[in-house]
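Just add 568 to the spot in the sequence shown (first one is 1) and you have my numbering.
Ideal Cβ placement from N, Cα and C applies to all residues, glycine included.
Heads up, the thing below is written out as structure tokens.
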Amino acid sequence: VSIRVVVSGAGNLKLIKQPIIQIPKGFEKYDVKITDKTQLTENGVEGNIIYDQVIVPQQEGVVSIPPVKFVYYDLVQHKYVTLQTSPMELKVMRGDGSSKDILSVDLPNEDILPLKVGDSALDKVGHFFFGSIPYYIILLLLLVSGSILAYRYRDRFAHRVDMVLKRGKNASRIATSRLHSANLLKMKGRNIEFYDEILQALWGYVSDKLNLPVEQLSRDNISEQLMAINVPMEVIDKFIMAIDECEYERYAPGNEKGNMQKTFDVAMKAISDMEETIKKVKVQKSKNTNVLSFLMIALLALPIHAFSQTKSDVDKLYQKGNYAQAVKGYEKLLEQGESAALYYNLGNCYYRLDNIPHAVLAYERAQRLAPSDDDIRFNLQLAQSKTIDKLTPESEMFFVTWYKALVNLLSVDCWAYLSLISLFLALLSLVVYIFVERELLQKLSRGTLPLFFVLFILTTFFAIQQVCLLDASNHGIIMLPSAVVRETPDQKSKEIFILHEGSKV
């Protein structure tokens, strides 16, 4: 058991007499550890003197520890005043012997984790990408694009399951089947039926591939449609020439078998070239999209070079042991913008200077900006262990803890980027579902479209929750040596208890 007595006030606290803690029989006691938390201020010397007494019970039972008394001379009342604590009652029970019940008052082997060096993103104070003008511009562009696509191609989207609208994926297979039938007719010498089958293969292929009805098939129309999907003009010309060749050879004089073979070869070459070209165009579009995405990510990830150089200089001051100068450097950088790494490093400086309240404050601010950072969490807990008051956090339901952990898994801007990426992927799934003819991709996009849209809604909600947490002002760190908590907000009201520097309220 550790008994802590804290004497707070202003004056020459180092000369006060140590309060006597009366320990009853049945306890083994150790030397009192005295910690001086005083400092010179404008009001003189003020702060706290901490007395820690470790006692080890030797027998079971209920034991009462008498009040600890402290006597001082009050300069205002011109008399001696005696203060005393409330009596403490301990219930000592036998341990199970499965573990060592050792209470460590100090943690000499534990130290804060080192600085965060290197590049670090710098944000303006109170500024986030989430909710900014660029964020809303990108969000509106994606939403408007999706709305236009859904409205413009609503009929195709609504009837996508219709087999008529899915025939594009079978265009090459059907054309190959017709060419095979034409080849059989060629070998039988049935030239009229052969040329009809070749023409049906050519016109049917382009009709299925472009989803064009028969009444809209013309040389000019299919040329325009093929150019719209970036098919090279030379490939289009070869395909049109194959149609012309078939119609010409049908009535051309000469060797019928030679004419049919020539027509068959030209048609086969035209269809195979067109199929290969369309596949290449789709692959190229995919590559262009990937390059654009990479460039956008690279632009977002560009570091602020001047900031990283300045931060590097301040980091060197800390590494050389110039903690006071490093504090000034980090605080000057924080005037330009906020960063979890800056607050974290500032907390390390204050910790080295034994300024625990400012260290706790800096770590708390760092954790707000990077709630999932394990280094920040460790240093904050270590700094809080050095505070005078050992306050127990409010208990909460386990699912509330899980939800907060999920929300704090990423920062505000990370959730914002993820929400935009999810919306973009949902839009991409819509495009694939409307325009791509492969059945596998159709099924995949049909499943990913609602999935990514739901993910967009969730990540946006988490970003909003993070902003609310960051903007909340319902907690604070006590920076004064001590603060009196009263029953009402009135200086004349009754004192309840005293909180000391570094405590979070």
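In whole angstroms, what is the alpha-carbon distance linking T1016 and G772?
If I take the Cα positions, the gap works out to 32 Å.
Report all residues from its chain with a CB closer than 7 Å to the CB of V631; omit the five preceding and five following residues, and keep chain order.
Taken in chain order, the residues that qualify are P592, G594, L658 and V660.
Take P939 and list the residues in its own chain whose beta-carbon comes closer than 6 Å to its own, dropping the five residues that flank it on each side.
Cβ within range, chain order: N976.
Our contact map puts Q793 next to L778 with C-beta atoms below 8 Å; I'd like the distance itself, whole angstroms only.
Contact flag correct, Cβ pair sits at about 5 Å.
For the stretch 1031-1041 against the stretch 978-990, are there 3 or more C-beta pairs whose distance is under 8 Å?
Output reads yes: the stretch 978-990 touches the stretch 1031-1041.
Could you check which residue in I811, V685 and A951 has the C-alpha nearest to that of I1045?
Per the Cα distances, A951.
What residues match up with E596 in a beta bridge as DSSP calls it?
Partner(s): V624.
Does DSSP classify H748 as helix, strand or coil?
Three-state DSSP puts H748 in a helix.
If you count every other CB in all the chains shown that lies within 10 Å of the CB of L711, and 16 or more means buried, which is it?
Exposed is the call here.
Go ahead and pull the three-state DSSP assignment for I589.
DSSP places I589 in coil when its eight states are reduced to three.
Identify, in the order they occur along the chain, each residue of the same chain with its Cβ nearer than 7 Å to the Cβ of V849, setting aside the five sequence neighbours on each side.
Once the five neighbours on either side are set aside, the close Cβ partners of V849 are I797, N798 and V799.
Take G915 as the anchor and find which of G905, L583, S907 and H926 has the nearest alpha-carbon.
Comparing Cα-Cα distances from G915 to each of G905, L583, S907 and H926, the minimum goes to H926.
For Y912, which residues from the same chain have a beta carbon less than 6 Å from its beta carbon, with the 5 sequence-adjacent residues on both sides left out?
Cβ within range, chain order: K684, A934 and I944.
Under DSSP, the beta strand (DSSP E) around H629 begins and ends at which residues?
The question names His, but residue 629 is Gly in the sequence shown. G629 to I633 is the span of the beta strand (DSSP E), which, as asked, contains G629.
In whole angstroms, what separates the C-alpha of L988 from that of L1026?
Approximately 11 Å, taken between the alpha carbons.
How about E1063 and P1049: are their beta carbons less than 7 Å apart?
Cβ distance not < 7 Å, so E1063 and P1049 don't count as in contact.
With respect to the alpha helix (DSSP H) encompassing G772, which residues constitute its N-terminal and C-terminal limits?
Start and end: N759 to L778.
Using the Cα positions of Y1001 and L1023, report the straight-line distance between them to the nearest angstrom.
Whole-angstrom Cα-Cα distance: 19 Å.
Straight-line CA distance for V1004 to L780?
Each residue's Cα considered, the two are about 15 Å apart.
Can you tell me the Cα-Cα spacing of S713 and F696, whole angstroms?
So the two alpha carbons sit approximately 25 Å from each other.
Excluding sequence positions up to five away, which residues of its chain have a Cβ less than 8 Å from the Cβ of E761?
The answer, listed in chain order, is L753.
Over the uninterrupted beta strand (DSSP E) stretch that includes L608, give me the two end residues.
It spans K601 to T609 - the beta strand (DSSP E) in which L608 sits, taken as one unbroken run.
As a quick exercise: from D788, E815 and M828, pick the residue whose alpha carbon is nearest that of G757.
Among D788, E815 and M828, the Cα nearest to that of G757 is on M828.
Below 6 Å CB to CB, which residues in the same chain sit around D674 once its five sequence neighbours on both sides are set aside?
Unreliable positioning characterises D674 in this predicted model, as indicated by a pLDDT of 44, which lies under 50. The coordinate reading is nonetheless provided below. Result list for D674: empty, nothing under 6 Å.
According to DSSP, which residues form a beta bridge with I1066?
I1066 pairs with V1052.
Let me check one thing: in DSSP terms, what residues is I1045 bridge-paired to?
Paired residues: K1072.
Taking K830 as the reference, which of E815, D841 and D620 has the closest Cα?
Per the Cα distances, E815.
Taking the C-alpha atoms as reference points, what is the distance between C917 and A909?
Distance between the alpha carbons of C917 and A909: 12 Å.
Which residues in the same chain have their Cβ closer than 7 Å to the Cβ of L681, if we skip the five residues on either side of it in sequence?
So the qualifying residues of the chain are D943, F946 and N947.
If I617 and I602 are in contact, beta carbons under 8 Å, what's the gap, nearest whole angstrom?
Rounded, the Cβ-Cβ distance is 7 Å, consistent with contact.
Taking all protein chains shown into account, do 16 or more other C-beta atoms lie within 10 angstroms of the C-beta of K879, making it buried, or fewer, making it exposed?
Its Cβ being crowded by 16 or more others within 10 Å, K879 is buried.
Could you check which residue in L1067, N1042 and F638 has the C-alpha nearest to that of R1054?
Minimum Cα distance to R1054 is reached at L1067.
By how many angstroms is the C-alpha of C1036 removed from the C-alpha of L708?
If I take the Cα positions, the gap works out to 23 Å.
Under the rule that 16 or more other beta-carbon atoms within 10 Å means buried, what is V1052, buried or exposed?
Label assigned to V1052: exposed.
With distances taken from CA atoms, which of S749, A810 and D788 is nearest L770?
Cα-wise, what sits closest to L770 is A810.
Report yes if the CB atom of Q626 is closer than 7 Å to the CB atom of V600, and no otherwise.
Cβ atoms of Q626 and V600: not closer than 7 Å.
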